[in-house]
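Novice: In terms of the working numbering, the sequence shown opens at residue 106 and continues consecutively. C-beta atoms are modelled at their ideal positions from N, C-alpha and C, and glycine is treated no differently. As the structure is a prediction and not an experimental result, all values here were calculated from the model. One structure coming up, written as structure tokens, with questions to follow.
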Amino acid sequence: FTLWRIAQRIVSSTVSVFGTQSLLLALGVKTHKVGAAAASGWVVANAIGKFSKMSFAAGWGRDFDSDAKRWRFRAALMWVFANGMEILVYVVHNTAPRSFVFLVALSVSLKQISILTSSATRGTFYKQFAGQNENLGDITAKGDAQVAIADLAGMVVGIQLARLAGSTPLYIWGAWLLLSAADFVCILRSLDTIVFKFLNLERCSVLAHDYVRNDGLVRAPAEVSAGEPILSRPEHATRQGNFVTGWYYDVVRGYWAGTFRKLSETTVNPTKLRGLLGLFANGQYMVLHTGNPNSPEAPPRPCVVLRQSATEDDVFEAMLALEHLKRDIEALPPEDKRALDADMEAALPLIEKARDYATARVGDVVQGVGEAGWTCKSS
């Protein structure tokens, strides 16, 4: 992780030199034409960037801990595009001078959000390295020192490359593309080396899916980590909307909003609810096969409704029941699937079977999770 991270920071700092150079050229530093209008525009752009950072933290800050790898990659992606915006400022500053404030504001906003996201996820990685030693402060200090050295090295390399590229837009764009590609490779390789031992919804879903479909298999953290997708959505998260709207719902609501819902986010009427309460009267969750009034274009899909008092064991049990229900529905003939979509009561026998399976197996799963090396409160 450290080697790939240092390589990524060197490349990232090198790219930043080209972005800064392009902004200075666009401002007229080379020709001594910097004016009050350009300076005030820079101030406005920085103010917009600060507001963007605050808004982003308020909207997505709660997701950083549970999905650190994806957010760290997105931070690198935003930083690269921010530098691209700075280069674009220089390319179009003569033909579209009024775009200066907009492009700089976009660049500053992306960089501010990238720094915020990178800083917020860094603690999750360091905490994993600390493990039982609890030497988080020591790891943080050494990690930040390594980053500082890598940034300085990247600045030196960037200055030399910038001198070679000069002020020719074609050379600057070429350097940006090559360095950006190297940046992505390094950040992906560094994230691939991270093995999280704590459980989030994605890892719980993987364990539950494998347990149900592979005769009680509980995979170790390293095996699960090797298959974690960074460039795509979680494999077992219920899709929201259709092909066109699904990506929008994932961004706005989160990947798991279609899997874990409130009762108000289902199409269950009072009559059907009484039947479900009869099945789950003493439990901390319910498993349903229902539509979503917030995504009317999506077909009915299995989902979970949790009580606020649900514990980690209850989440395990709910995930087992959900995966069992999914498996049984997938095995049905097409005409029976259409019957389930038309009337949820037709799914009650399958839901009851899934509940019984989960109740009987949850203890075995919790024990297996601890023995496999996962860190959880129950093991």
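Could you tell me whether the stretch 181-199 touches the stretch 240-250, where touching means 3 or more Cβ pairs closer than 8 Å?
Specialist: no
Novice: Straight-line CA distance for Leu322 to Ser400?
Specialist: Your numbering for residue 322 matches position 217 in the sequence shown. Your numbering for residue 400 matches position 295 in the sequence shown. About 34 Å.
Novice: How would you write the range of the beta strand (DSSP E) that Arg406 sits in, first residue to last?
Specialist: Along the sequence shown, read from residue 1 onward, the residue named residue 406 stands at position 301. Residues 406-411.
Novice: List the residues that DSSP assigns as beta-bridge partners of Tyr540.
Specialist: This structure does not reach residue 540, given that the chain is present from 106 up to 484, and the question cannot be answered.
Novice: Which residue comes first and which comes last in the alpha helix (DSSP H) that contains Ala313?
Specialist: Numbered from 1 along the sequence shown, position 208 holds the residue referred to as residue 313. 306-318 is the extent of the alpha helix (DSSP H) around Ala313.
Novice: Give the straight-line distance between the Cα atoms of Thr480 and Ala426, rounded to the nearest whole angstrom.
Specialist: Along the sequence shown, read from residue 1 onward, the residue named residue 480 stands at position 375. Along the sequence shown, read from residue 1 onward, the residue named residue 426 stands at position 321. About 22 Å.
Novice: Restricting to Cα atoms, I'd like to know which of Pro404, Glu402, Ala423 is closest to Leu411.
Specialist: Taking the first residue of the sequence shown as position 1, residue 411 is located at position 306. Ranking the options by Cα distance to Leu411, first place goes to Ala423.
Novice: DSSP on Val474, reduced to helix/strand/coil?
Specialist: The residue labelled residue 474 in the question sits at position 369 within the sequence shown. The three-state reading of DSSP puts Val474 in helix, counting H, G and I together.
Novice: In the DSSP assignment, find the unbroken alpha helix (DSSP H) run with Ser214 in it and report its ends.
Specialist: Position 109 of the sequence shown, counted from the start, is the residue given in the question as residue 214. In the DSSP assignment, Ser214 falls within the unbroken alpha helix (DSSP H) covering 205-235.
Novice: Grouping DSSP H, G and I as helix and E and B as strand, with all else coil, what is Phe303?
Specialist: For the purposes of this step, residue 303 is taken as the residue at position 198 of the sequence shown. The answer is strand: DSSP assigns Phe303 an E or B state.
Novice: Taking Cβ positions, are Leu453 and Asp433 nearer each other than 8 Å?
Specialist: What you label residue 453 is simply residue 348 of the sequence shown in a count that begins at 1. What you label residue 433 is simply residue 328 of the sequence shown in a count that begins at 1. No, the Cβ-Cβ distance between Leu453 and Asp433 is not below 8 Å.
Novice: Could you give the DSSP three-state label for Thr416: helix, strand or coil?
Specialist: By 1-based counting over the sequence shown, the position of residue 416 is 311. Thr416: coil per DSSP, three-state reduction.
Novice: The alpha helix (DSSP H) spanning Asp288 covers which residue range?
Specialist: The residue given as residue 288 occupies position 183 in the sequence shown. Asp288: member of the alpha helix (DSSP H) spanning 274-297, first to last residue.
Novice: Taking the alpha carbon of Thr464 as the point to measure from, which residue in Val420, Asn305, Lys431, Ser219 has its own alpha carbon closest?
Specialist: Numbered from its first residue, the sequence shown carries residue 464 at position 359. Nearest option by C-alpha distance: Val420.
Novice: Can you check whether the CB of Ser295 is closer than 8 Å to the CB of Phe106?
Specialist: As a working mapping, residue 106 is identified with position 1 in the sequence shown. As a working mapping, residue 295 is identified with position 190 in the sequence shown. Against a cut-off of 8 Å, the Cβ pair of Ser295 and Phe106 comes out as a contact.
Novice: For the ligand FMN, I want to know if Ala180 counts as a neighbour, meaning its beta carbon is within less than 7 Å of at least one of the ligand's heavy atoms.
Specialist: The model depicted lacks the ligand FMN and carries no ligand whatsoever.
Novice: Among residues of its own chain, excluding the 5 on either side of Glu307, which ones have a beta-carbon nearer than 6 Å to its beta-carbon?
Specialist: To locate residue 307, count along the sequence shown from 1; it is residue 202. Excluding residues within five positions, the ones whose Cβ falls inside 6 Å are Pro339.
Novice: Could you tell me which residues DSSP pairs with Phe365 in its beta bridges?
Specialist: By one-based count along the sequence shown, residue 365 stands at place 260. Per DSSP, Val409.
Novice: Between Ile277 and Val262, what straight-line distance do the alpha-carbon atoms span, to the nearest angstrom?
Specialist: In the sequence shown, residue 277 corresponds to position 172, counting from 1. In the sequence shown, residue 262 corresponds to position 157, counting from 1. Cα to Cα, Ile277 sits roughly 14 Å from Val262.
Novice: Do the CB positions of Gly228 and Ile115 come within less than 8 Å of each other?
Specialist: In the sequence shown, the residue the question calls residue 228 occupies position 123. In the sequence shown, the residue the question calls residue 115 occupies position 10. No, the pair does not count as a contact, with Cβ atoms beyond the cut-off.
Novice: Where does Cys480 sit, in a helix, a strand or coil, going by DSSP?
Specialist: By one-based count along the sequence shown, residue 480 stands at place 375. Looking at the sequence shown, residue 480 is not Cys but Thr. Thr480: strand per DSSP, three-state reduction.
Novice: Within 8 Å, do at least three Cβ pairs link the stretch 209-224 to the stretch 150-168?
Specialist: Contact holds between the stretch 150-168 and the stretch 209-224, because three or more Cβ pairs, one in each stretch, are under 8 Å apart.
Novice: Below 8 Å between beta carbons: does that hold for Ala180 and Phe230?
Specialist: Residue mapping note: residue 180 aligns to position 75 of the sequence shown, counting from 1. Residue mapping note: residue 230 aligns to position 125 of the sequence shown, counting from 1. No, Cβ-Cβ distance for Ala180 and Phe230 is not below 8 Å.
Novice: Just the C-alpha distance for Gly351 and Leu312, rounded to the nearest angstrom, thanks.
Specialist: Residue 351 sits at position 246 when you count from the first residue of the sequence shown. Residue 312 sits at position 207 when you count from the first residue of the sequence shown. Their Cα atoms are separated by approximately 24 Å.
Novice: Tell me the rounded alpha-carbon separation between Asp168 and Val356.
Specialist: Residue numbering aside, residue 168 sits at position 63 when the sequence shown is read from its first letter. Residue numbering aside, residue 356 sits at position 251 when the sequence shown is read from its first letter. Rounded to whole angstroms, Asp168 to Val356 spans 11 Å at the Cα level.
Novice: How close, in whole Å, do the beta carbons of Asp105 and Ser117 come, if the pair is a contact with beta carbons under 8 Å?
Specialist: Outside the displayed range of the chain (106 to 484) lies residue 105, so it cannot be described from this structure.
Novice: Do you know how far the Cα of Gly359 is from the Cα of Asp170?
Specialist: As a working mapping, residue 170 is identified with position 65 in the sequence shown. As a working mapping, residue 359 is identified with position 254 in the sequence shown. So the alpha carbons of these two residues sit roughly 14 Å apart.
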